[in-house]
Every structure is written in C-alpha cells, then in structure tokens.
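The block underneath contains the structure these notes are about, expressed in structure tokens.
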Amino acid sequence: MPNIDKVENKDDALVYQATVEVYPEVEAKFEGLEVSRKSSEVTDKDVDAMLENLQKQRAEWTETKGMAKKDMQVTFDFEGTVDGEKFEGGAAEDFKLVLGSGRMIPGFEDGIVGMKKGEEKVIDVTFPEDYQAENLAGKAAQFKITVKLVEKQKLPEIDAEFLKIFGLTEEEGVEKLKADVRKNMEREVKNGLRNQVKGATFDALVAANDVEVPESMLAQEIDRQRQQMIQQFTQQFGAQGAKAFDSSMLPDELFKEQAEKAVKLGVLVSKVLADAKLEVDQSRVDAYIEDMASSYEDPTEVIEYFKTDKQQRAQIEGVVLEDQVVDHILAAAKVTDEVVSYQDLLKEQQARQQG
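Residue numbering for the sequence shown is 30 to 384, as defined by this note's numbering.
Here it is as structure tokens:
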C-alpha cells in the first residue's frame, strides 16, 4: 500500500505524492546447499514406551510413607525469598508436582527428592539467566518446602476396561492396541521427518541468500505473529486473561528476528516457484488428505469435506506446494542422511516449534 502525503488542491485538481515500497529483486541460489535429512523408524521398544505413557495418563496415585523419588507426586507448600525478601509468585499451598517432570527451575525438584510427608526443608536454587521474570533472572533464591503428601503411581492393567477406552474389545486384545499405537506413531514420524527436512532446507536457503526485507512486509509479519500469540494466549487463559494483554507487552522487537526470517523465506520461496514454474500437484494433495483422513473414524467424510471446502483444500495445497519446493531444492543440494531415534526426532520437533 502506498503512503500518501503532500495532498493539495491545485488548479481544481487533487495533487498528492504517493510513495510505494518496491518488492525486492532477488536471486534464489540453492545449488550445492548442504542439508541434513533425517530418517527414523518406530521400534517395538518405542511402542512399549508409548503404551506405558497411555497407562500413566490414566494412573491412580496412592500414598506412600517412604521418601519422595523420581516419578512420584509430591503435594507441598513453598515460600521463596531473594535476598531475604519475598517476591510475587514465590509462594503456594498444596502445590502438586511429579518429580522429574522438569516443571520447576533447575535444582528445585532435586531439593525435594528424599523428603517425606511432614518434613520441612530450605533449598537453595538459582533462577536461569533467561528467566521470564527479569527481576529474578540469574538471582539466587531460597525456598522453604513443607511436604504434605507423597504418592506413587499405580498403573492400570491393560484389561477389557482399558481397551474399551480406545474402542477395542477384549477379543481384539493388546496386540490390536499395539498395532493402532504403532500406526499413529509411524504417521507422526512421517510428518516429523517431512517437517525436519523442510525446516533444514528452508534454513539453508535463507542463510545462503541475501534479501532486503521491505519494511511494510516486515511490519505486516510482525503484526501477524503478534495476533497469533494473542490468540494462543486467549485459547489457553480465556477471554478474561487476554484482556490483561496490551500491545506494549508485545513490542515489535519480540518478533522482529523471526518475522525477518519469515519474510525472507517467503520472498525466496516465491522466487523458486516462479523460476521453476512449479504448480501444485493435485495427486499429492489427494494423497496428503487421504493419509490425514485415515486417522479419523470415518475417513470418507473427511475426504469429502476437503473436496467441498475450497478454503480448507487451499491450505493443504499450500503445504504440498512447499513440499514440492523442498524436493526441487534437494535435487540440487548436497544432502547428508542421518538416522535418529523416535525420541530424538520428537525432541527436535518440540525444540523447533518452541524456537
């Protein structure tokens, strides 16, 4: 959009000056790009671990008089101080924590390990340098801990009642449950590997090409990311929580680095598409939808939905077209293949999403 200024009436005519930002001219170079492409397989051990996770999600907690250990749930009161002074958010009563979950700052959970019901203790910890509350970042603190309850997990048996939760009969048994779990995990791996190589390819593409970022495009992307964060906050904390937000809490600097990268990538991908004259492969779109629909109870209903809803299908077409761009770049790149475990693949995915 142009910026309009110096508006005036002159000789019965409207005269003004329009300043238009010019879309950057770029060359998308990708010959010989170095890209790491990972592969992974779901093992029997991975399936067993996932099955145990499903049991843990439905586990019961029973009191134990012994010492608190990893994977036990502890209910306690705590009160924290920094330089002898209490601070906001530094105290709670009847707080529940599963030891080993990593929910607290480093050293906090370790300080509770070994404690018993009724025991009091003061632990010394240090807030991380990048802690979200700047007034606490990097500071040493003391927490007074009073343990009220220590509980251990009691996993449910994989019986008829457990199988029923997943829509299975006792006759189908645990083997059918394992087969279904494996299928879902393999779908997750397939999507994870696609996202990994796409991310690695696009990171290499941006790093190898200089792009002058138009200020208007950058401003639009910053605003888009800001609105996305507000929506996520609203979904997590509700409308009342969102009202506590204002634009000053989310300054442009918070999004600038990621926004610049997103704009550069958008410009470069558009250039690759134009140079290669790539068009979306509808057969790949259909295959993508069919694969996604297979995880639903009625796949045909999902497939039909994407056939009739043009807006939703267009979103899938965008994803598939990105995959085609990746394939086009990889054909000219130096690709290094690496085998990773299922768990390592998931950790990398989580890190990329958070970063």
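For each residue, glycine too, the CB sits at the ideal point set by N, CA and C.
Please read all numbers here as calculations on a predicted model, not as lab measurements.
Which listed residue (the options) has its alpha carbon closest to that of residue i
i, options, result
"Met214", "Ser312, Tyr371, Glu56", "Tyr371"
"Pro243", "Ala288, Glu163, Thr365, Trp90", "Ala288"
"Asp100", "Lys290, Ala162, Lys285, Lys181", "Lys181"
"Ala208", "Glu56, Glu117, Asp73", "Asp73"
"Ala233", "Asn38, Glu63, Lys39, Asp40", "Glu63"
"Arg66", "Lys227, Asp315, Gln46", "Lys227"
"Asn220", "Phe107, Asp352, Thr365, Glu149", "Asp352"
"Glu81", "Val210, Ala189, Glu326", "Val210"
"Arg216", "Tyr325, Asp281, Val176, Ala380", "Tyr325"
"Gln344", "Met79, Asp327, Gln311, Val355", "Gln311"
Residue environment, residue i, which counts as buried when at least 16 other CB atoms sit within 10 Å
i, result
"Asp159", "exposed"
"Gln341", "exposed"
"Val292", "buried"
"Ala170", "buried"
"Asp373", "exposed"
"Ala229", "buried"
"Gln225", "buried"
"Ile251", "buried"
"Val154", "buried"
"Phe195", "exposed"
"Leu43", "exposed"
"Val51", "exposed"
"Asp75", "buried"
CA-to-CA distance, residue j to residue i, given in whole angstroms
i, j, result
"Gly95", "Lys145", "6 Å"
"Thr367", "Glu333", "Going by the sequence as given, residue 367 is Glu instead of Thr. Answer to the nearest angstrom: the Cα atoms are 38 Å apart."
"Ile174", "Ile318", "52 Å"
"Glu89", "Leu350", "47 Å"
"Lys376", "Thr91", "31 Å"
"Arg223", "His357", "14 Å"
"Lys168", "Ile134", "12 Å"
"Val331", "Ala322", "6 Å"
"Ala236", "Lys212", "36 Å"
"Asp320", "Glu201", "24 Å"
"Asp139", "Glu163", "24 Å"
"Phe335", "Gln378", "27 Å"
"Lys115", "Gln161", "18 Å"
"Val36", "Ala47", "9 Å"
Limits of the unbroken beta strand (DSSP E) element including residue i
i, result
"Leu126", "114–127"
"Leu43", "42–48"
"Asn82", "No beta strand (DSSP E) holds Asn82; the alpha helix (DSSP H) holding it covers 73–86."
"Lys173", "169–183"
"Gln102", "102–111"
Beta-carbon proximity of residue i to residue j, cut-off 8 Å
i, j, result
"Val142", "Leu128", "yes"
"Leu279", "Met258", "yes"
"Val240", "Pro53", "yes"
"Lys363", "Gly61", "yes"
"Val103", "Val179", "yes"
"Tyr58", "Asn238", "This sequence places Lys at residue 58; Tyr is not what is there. Yes, they are a contact pair."
"Phe124", "Phe105", "yes"
"Leu297", "Val55", "yes"
"Leu294", "Phe231", "yes"
"Pro185", "Arg255", "no"
"Glu286", "Val309", "no"
"Leu197", "Val111", "no"
"Val203", "Ser69", "no"
"Gly118", "Glu108", "no"
Limits of the alpha helix (DSSP H) - the one that residue i falls within
i, result
"Arg66", "First-last for Arg66: 63–68, but that is the beta strand (DSSP E), not the alpha helix (DSSP H)."
"Thr337", "328–337"
"Lys39", "No alpha helix (DSSP H) holds Lys39; the beta strand (DSSP E) holding it covers 32–39."
"Lys363", "Note, Lys363: premise wrong, no alpha helix (DSSP H); beta strand (DSSP E) at 363–368."
"Val235", "202–237"
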